[in-house]
Each structure stands twice: as structure tokens, then as C-alpha cells.
Amino acid sequence: MSNTLTLFRSLLAAVCAALLAACGAAPVRGTGDLGLVIERASGAVLVVDTTARSVLARVEGLGDLSHASAVFSRDGRYAYVFGRDGGLTKVDLLLGRIDKRIIQSGNAIGGSISQDGRLVVAQNYEPGGIKVFDAQTLELLADIPSAYGDGTRRSKVVGLADVPGNKFAYALFDAGEIWVADVADPRAPKVTRYRNAGSQPYDGLVTPDGRHYLAGLFGEDGVALVDLWRPEQGVRRILPDYGKGQEKLPVFKMPHLRGWAVAGRHAYLPAVGRHEVLVVDTATWQETARIPVKGQPVFVMARPDGRQVWVNFAFPDNGWVQVIDTLEGRVVHTLQPGRAVLHMEFAPRGESVWISARDDHRVMVYDTANFRELAQLPAASPSGIFFTARAARIGF
Amino acid sequence: MLPSRRLAVTLLAAILAGGAAADTQPGAARQRELVRLVRQDCGSCHGLTLKGGLGPALLPGALRDKPLEALRYTILLGRPGTAMPAWKTILSEAEADWIARRLVEGFPEER
Numbered sequence: 001m002s003n004t005l006t007l008f009r010s011l012l013a014a015v016c017a018a019l020l021a022a023c024g025a026a027p028v029r030g031t032g033d034l035g036l037v038i039e040r041a042s043g044a045v046l047v048v049d050t051t052a053r054s055v056l057a058r059v060e061g062l063g064d065l066s067h068a069s070a071v072f073s074r075d076g077r078y079a080y081v082f083g084r085d086g087g088l089t090k091v092d093l094l095l096g097r098i099d100k101r102i103i104q105s106g107n108a109i110g111g112s113i114s115q116d117g118r119l120v121v122a123q124n125y126e127p128g129g130i131k132v133f134d135a136q137t138l139e140l141l142a143d144i145p146s147a148y149g150d151g152t153r154r155s156k157v158v159g160l161a162d163v164p165g166n167k168f169a170y171a172l173f174d175a176g177e178i179w180v181a182d183v184a185d186p187r188a189p190k191v192t193r194y195r196n197a198g199s200q201p202y203d204g205l206v207t208p209d210g211r212h213y214l215a216g217l218f219g220e221d222g223v224a225l226v227d228l229w230r231p232e233q234g235v236r237r238i239l240p241d242y243g244k245g246q247e248k249l250p251v252f253k254m255p256h257l258r259g260w261a262v263a264g265r266h267a268y269l270p271a272v273g274r275h276e277v278l279v280v281d282t283a284t285w286q287e288t289a290r291i292p293v294k295g296q297p298v299f300v301m302a303r304p305d306g307r308q309v310w311v312n313f314a315f316p317d318n319g320w321v322q323v324i325d326t327l328e329g330r331v332v333h334t335l336q337p338g339r340a341v342l343h344m345e346f347a348p349r350g351e352s353v354w355i356s357a358r359d360d361h362r363v364m365v366y367d368t369a370n371f372r373e374l375a376q377l378p379a380a381s382p383s384g385i386f387f388t389a390r391a392a393r394i395g396f
Numbered sequence: 397m398l399p400s401r402r403l404a405v406t407l408l409a410a411i412l413a414g415g416a417a418a419d420t421q422p423g424a425a426r427q428r429e430l431v432r433l434v435r436q437d438c439g440s441c442h443g444l445t446l447k448g449g450l451g452p453a454l455l456p457g458a459l460r461d462k463p464l465e466a467l468r469y470t471i472l473l474g475r476p477g478t479a480m481p482a483w484k485t486i487l488s489e490a491e492a493d494w495i496a497r498r499l500v501e502g503f504p505e506e507r
């Protein structure tokens, strides 16, 4: 009897110790090879390890994650996840759990983190504008409504990107304007407005050096450009007539822009409503080539070394991914990672790429040198994939 | 250009004639595909929960007072000058009609 009791006691102690080890203290490890996969429909994110190519944790309770995106604290420990329902969730990657969560608006589209890592900014559709939060506590520090026209209407905000000097650049979809908010003193933000940027900017990007802000236009052909080093020059239009004379195809999904569009001296941009990638020389901002691809590009992402550009496509061509060789200026490989490819993310130095296939409920990992499949990870309706290397990049 | 305009006119005529569309309901398997299409692909602009995003909310409260024909017409032909694309190359008239009716009464969840 007492023997069984002793055995039971020591078993209990062992279980408790194991539980404490599992749930209590953070494992000692770095976060440079970690990332997040958004499970779009289930309000959860997977914490992934890009070295082991495995899932470390599944964190639930993040709300409506359709069109969710994430940015990272500069120490790479926390992810800030922006949900469609206006939720802003700070996820602790090491502990695999939610650290803080607030509902900051009715309808959000993404966010960014400041150069010094102290401020997290959300871009909102409803009510339109941006909100600035303390990155540590998620306390609201500033609310900048995107009021335009007679001042009573508020535009949806798109294309938010951090720029050097604790500033944020973004575009107003309904107003056709670009704004740069200086939040060096977050309690007293200063906004510079660029009116008449163009019709219906749908997304924006900052070049990796933080110098140029580009907003892609949906309502007309072309891209609006601001040189942030020469703000007095105002907004300039590039690629003004890439679709001239041709009817645009119906656009079933808006393309996305981000600093990963730049490979070496060229930017690779999706042509809206066309089966083409546009190549622009960032020294002159002139178009240098058009590369025909399989469908309407959504993400056009350069491998970190710039030698390849990977492209996925809008519905109904969203089962394909194509790879452009930047030296040859043409598509050199076509893959079928699964049904409904929504996003791609390169390992920090680009030796592998992770691709989400929403309708096959899996994430595929490929070797970018030979396109061989390296791994498959199950995930429920995966969409965005975000690695901590973003923490160190301007414009993310 | 021309054929697509002709198609638009034909569609419009068919829509104005009304009725016919509802007769040929999509089958059960296609209905499941349509639910997924609306939740996921319309959802990229209207939100997975259809509460709105780049496009407006498609919930019963927002659509109840709008004529079915107008909704069906919007889905098939899009709204030129806005981000709402024409789905006529993807959806038949009967399918657009089925979607419009489901939207107005509260769109089914994916199973």
C-alpha cells in the first residue's frame, strides 16, 4: 500500500516537473529562425522553426484573420498580428502564447513597427486612419484619422510602411493621397500630405534603403512615387501607361507591394489586370522590361540575394507559382504547390522558400536552388507566412 | 472587346427578363464550391465574415433593401470604376442568383 503511494507520489512529482519545464520557463534559444503562419479561418497562428522546418506551437484566439499580417519586435521575440476584425495581438514566440490583445478598430488591414521598435502602428479601413501604440503595452498613443475632402469622410488606409526617422508612409485608397506621419513624438504627430497621388492606390512599399515610397494605383495605370529624401519635390507618376489601349482583365484579387519587390537595382511590380510583371530601373524609374507570366500577379517577391523573383497569382490561376531569373529576365520555372496559393516567405538568406496552399491545408517548403520539395507542414487554411528576419528590415 | 460587350448586353437582357435564373439551381457539390468561393475569394475584399473590407459589407442588414436583380447584376458584371470585378467568366447567371439570394438571407458557413 505505502509502496504504491510512494510510487504514485514520485510519478506525480515527475509529471509536475515535466509540465513545469514544458509550460513554465522559456526554452533558451534564439528567435532568428522563427516565424508565424496564419491559419486564416480558425483564428490561430503557428509558431514555426525554419531550421528544423517544424511547428513549435499553435496559438489560438486571435479573432478574424482573413487578410492578417504580422510584424516583429526588434528583439525578434514578439509578433504583432493585425486581424481583419481590428484585433491587434502581441504573440510571444518563445512561450507560444498571447502576451496582449486589444481590439483597436472595426476593420483593419495591417500594420508596421517603427525604426526604434517602440511604436506599433495599425492601418485601418473602418474607421479609416492609422493608430499608434506603445509596442510594449499596446497603449494607444495617437489616432490619426484619414479625413479628406470636406473633412467629414475618412478614407481606407493601405500600404503602410515604416520609414527612417520614426515616420510612416501610407496611402489613402478613397482619397488618392499619400501621407507621411512623423511620430518621433508620438503624442504630437506631424503629417505631410501629398494630394493627387493618383486614383485608388491599392498598396504601397518603401525601397529597402528607406528612400522611396511607391503606391500602386488601381483606378488608373501607373505608380505614384515620393522621394522621401527630397520631399519638397512632391509626388511623381511612373509607369503611366503600361496598359495603354488594352482592356484590363477583371481583377479578382488586389496585388500586394512591399520592399521585397526590389532586386538589386530593379523593382519588379505586378501589372494590375494583366498577366505581366513590370520591371523598373530604380535609378531612373523608367520601365525596362515586361515579363509575361501565367496569371495576374499578387505577390512578386525577390529572393533576398535578388537573383530570383517568385510570383503567385490571383484567382483563378492561384494554384501556380512562377520563378523569374533576374539575369535572364524570364520565367525559368513553374510550380504547383497546391490549391489556392496565398503567400510566400523566404528564409532570411533565401536558400528556401515557404509557400501556403490554403485549400490543401498545407505549407510547402522548397529549395530555391533546385526547386526540390524540402518539407510539407499541415496547417488549417494557411495564408500569410512571416519570418522574424522582417524585424530588421526597413519598410516592414 | 466586342464579344464581351455583346455578352454583357445578352446577360443584361436575361437579367431584366428575370425569373429564369432561379430555375436551374446549382447542385449540392457546386453549392459547396460556391460557399467556399464567396467566403474565401469574395472574402479577400469583403472579409471572410463578409463584414466588409476594401468592398462593403455583404451581410443581410446591408443588402436587405437592395433588389435581387441589382445584386446579381453587380456580381456578374462588376461595377466599372470600382474594385468590384465582373464574375461572369467564373459564375453562371444561376450561380450568381443563388449567391445573391444566400447573401440576402445570411450566407452559409463553410462546412
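As they're listed, the protein sequences go chains E and B. Residue numbers for the first sequence follow this note's numbering, so the first one is 1 and each next one is one higher. Residue numbers for the second sequence follow this note's numbering, so the first one is 397 and each next one is one higher. Positions of the beta carbon are idealized from the N, C-alpha and C atoms, including for glycine.
What does the Cβ neighbour count give for residue i, buried or exposed, with the cut at 16 atoms within 10 Å?
{"i": "residue 224 (chain E)", "result": "buried"}
{"i": "residue 481 (chain B)", "result": "buried"}
{"i": "residue 502 (chain B)", "result": "exposed"}
{"i": "residue 21 (chain E)", "result": "Note that residue 21 (chain E) has pLDDT 49, beneath the 50 cutoff, so the model's placement of it is unreliable and the number below is only indicative. It is exposed - the Cβ of residue 21 (chain E) has fewer than 16 other Cβ atoms within 10 Å."}
{"i": "residue 233 (chain E)", "result": "exposed"}
{"i": "residue 436 (chain B)", "result": "buried"}
{"i": "residue 483 (chain B)", "result": "buried"}
{"i": "residue 379 (chain E)", "result": "buried"}
{"i": "residue 39 (chain E)", "result": "buried"}
{"i": "residue 327 (chain E)", "result": "exposed"}
{"i": "residue 84 (chain E)", "result": "buried"}
{"i": "residue 54 (chain E)", "result": "exposed"}
Since residue i and residue j should fall inside the 8 angstroms C-beta cutoff, what is the C-beta to C-beta distance between them, to a whole number of angstroms?
{"i": "residue 299 (chain E)", "j": "residue 35 (chain E)", "result": "No, residue 299 (chain E) and residue 35 (chain E) are not in contact; Cβ-Cβ is about 16 angstroms, not under 8 angstroms."}
{"i": "residue 496 (chain B)", "j": "residue 444 (chain B)", "result": "With 8 angstroms as the limit, residue 496 (chain B) and residue 444 (chain B) do not qualify as a contact, their Cβ atoms being about 19 angstroms apart."}
{"i": "residue 195 (chain E)", "j": "residue 391 (chain E)", "result": "Incorrect: roughly 33 angstroms between the Cβ atoms, too far for contact."}
{"i": "residue 123 (chain E)", "j": "residue 160 (chain E)", "result": "4 angstroms"}
Taking only beta-carbon atoms, is residue i less than 9 angstroms away from chain E?
{"i": "residue 485 (chain B)", "result": "yes"}
{"i": "residue 489 (chain B)", "result": "no"}
{"i": "residue 411 (chain B)", "result": "In this prediction, residue 411 (chain B) scores a pLDDT of 45, lower than 50, which makes its location untrustworthy; the coordinate-derived value is nonetheless stated afterwards. No, no contact with chain E."}
{"i": "residue 507 (chain B)", "result": "no"}
{"i": "residue 455 (chain B)", "result": "no"}
{"i": "residue 445 (chain B)", "result": "yes"}
{"i": "residue 502 (chain B)", "result": "no"}
{"i": "residue 450 (chain B)", "result": "yes"}
{"i": "residue 427 (chain B)", "result": "no"}
{"i": "residue 481 (chain B)", "result": "yes"}
{"i": "residue 468 (chain B)", "result": "no"}
{"i": "residue 423 (chain B)", "result": "no"}
Does any CB atom of chain B fall closer than 9 angstroms to the CB of residue i?
{"i": "residue 114 (chain E)", "result": "no"}
{"i": "residue 340 (chain E)", "result": "yes"}
{"i": "residue 40 (chain E)", "result": "yes"}
{"i": "residue 107 (chain E)", "result": "yes"}
{"i": "residue 270 (chain E)", "result": "no"}
{"i": "residue 190 (chain E)", "result": "no"}
{"i": "residue 156 (chain E)", "result": "yes"}
{"i": "residue 19 (chain E)", "result": "With a pLDDT of only 48 at residue 19 (chain E), under 50, the local geometry of the prediction cannot be trusted, and no value is derived from it."}
{"i": "residue 251 (chain E)", "result": "yes"}
Look at the alpha carbon of residue i and the alpha carbon of residue j, and state the distance between them as a whole number of angstroms.
{"i": "residue 202 (chain E)", "j": "residue 314 (chain E)", "result": "15 angstroms"}
{"i": "residue 95 (chain E)", "j": "residue 311 (chain E)", "result": "34 angstroms"}
{"i": "residue 280 (chain E)", "j": "residue 76 (chain E)", "result": "32 angstroms"}
{"i": "residue 351 (chain E)", "j": "residue 52 (chain E)", "result": "14 angstroms"}
{"i": "residue 289 (chain E)", "j": "residue 158 (chain E)", "result": "27 angstroms"}
{"i": "residue 58 (chain E)", "j": "residue 47 (chain E)", "result": "6 angstroms"}
{"i": "residue 442 (chain B)", "j": "residue 450 (chain B)", "result": "6 angstroms"}
{"i": "residue 469 (chain B)", "j": "residue 384 (chain E)", "result": "33 angstroms"}
{"i": "residue 218 (chain E)", "j": "residue 256 (chain E)", "result": "11 angstroms"}
{"i": "residue 138 (chain E)", "j": "residue 100 (chain E)", "result": "8 angstroms"}
{"i": "residue 308 (chain E)", "j": "residue 377 (chain E)", "result": "24 angstroms"}
{"i": "residue 439 (chain B)", "j": "residue 341 (chain E)", "result": "15 angstroms"}
{"i": "residue 64 (chain E)", "j": "residue 396 (chain E)", "result": "22 angstroms"}
{"i": "residue 144 (chain E)", "j": "residue 132 (chain E)", "result": "8 angstroms"}
{"i": "residue 180 (chain E)", "j": "residue 365 (chain E)", "result": "37 angstroms"}
{"i": "residue 275 (chain E)", "j": "residue 297 (chain E)", "result": "7 angstroms"}
{"i": "residue 358 (chain E)", "j": "residue 66 (chain E)", "result": "12 angstroms"}
{"i": "residue 475 (chain B)", "j": "residue 251 (chain E)", "result": "12 angstroms"}
{"i": "residue 368 (chain E)", "j": "residue 362 (chain E)", "result": "18 angstroms"}
{"i": "residue 182 (chain E)", "j": "residue 97 (chain E)", "result": "32 angstroms"}
{"i": "residue 269 (chain E)", "j": "residue 320 (chain E)", "result": "18 angstroms"}
{"i": "residue 323 (chain E)", "j": "residue 338 (chain E)", "result": "16 angstroms"}
Tell me, please, whether the CB atom of residue i is closer than 9 angstroms to any CB atom in chain C?
{"i": "residue 461 (chain B)", "result": "The structure shown contains no chain C; its protein chains are E and B."}
- Item | Completely contained beta strand (DSSP E) runs for the stretch 224–297 of chain E, where each covers 3 or more residues | 235–238, 266–270, 276–281 and 286–292
- Message: Could you tell me which whole beta strand (DSSP E) segments of length 3 or greater appear in the stretch 102–129 of chain E?
- Response: 107–113 and 119–126
- Message: Threshold first: 3 residues or longer. Then list the beta strand (DSSP E) segments lying entirely within the stretch 150–225 of chain E, N to C.
- Response: 157–163, 167–172, 177–182, 190–194, 201–206 and 212–217
- Message: Please give the ranges of any beta strand (DSSP E) in the stretch 56–111 of chain E, keeping only runs that are unbroken, at least 3 residues long and fully inside the region.
- Response: 69–72, 78–82, 87–92 and 97–103
- Query: Which full runs of the beta strand (DSSP E) of 3+ residues lie inside the stretch 316–341 of chain E, going along the chain?
  - Reply: 321–325 and 330–335
- Length at least 4, wholly inside the stretch 436–474 of chain B: the alpha helix (DSSP H) runs in chain order: 439–442, 456–459 and 464–473
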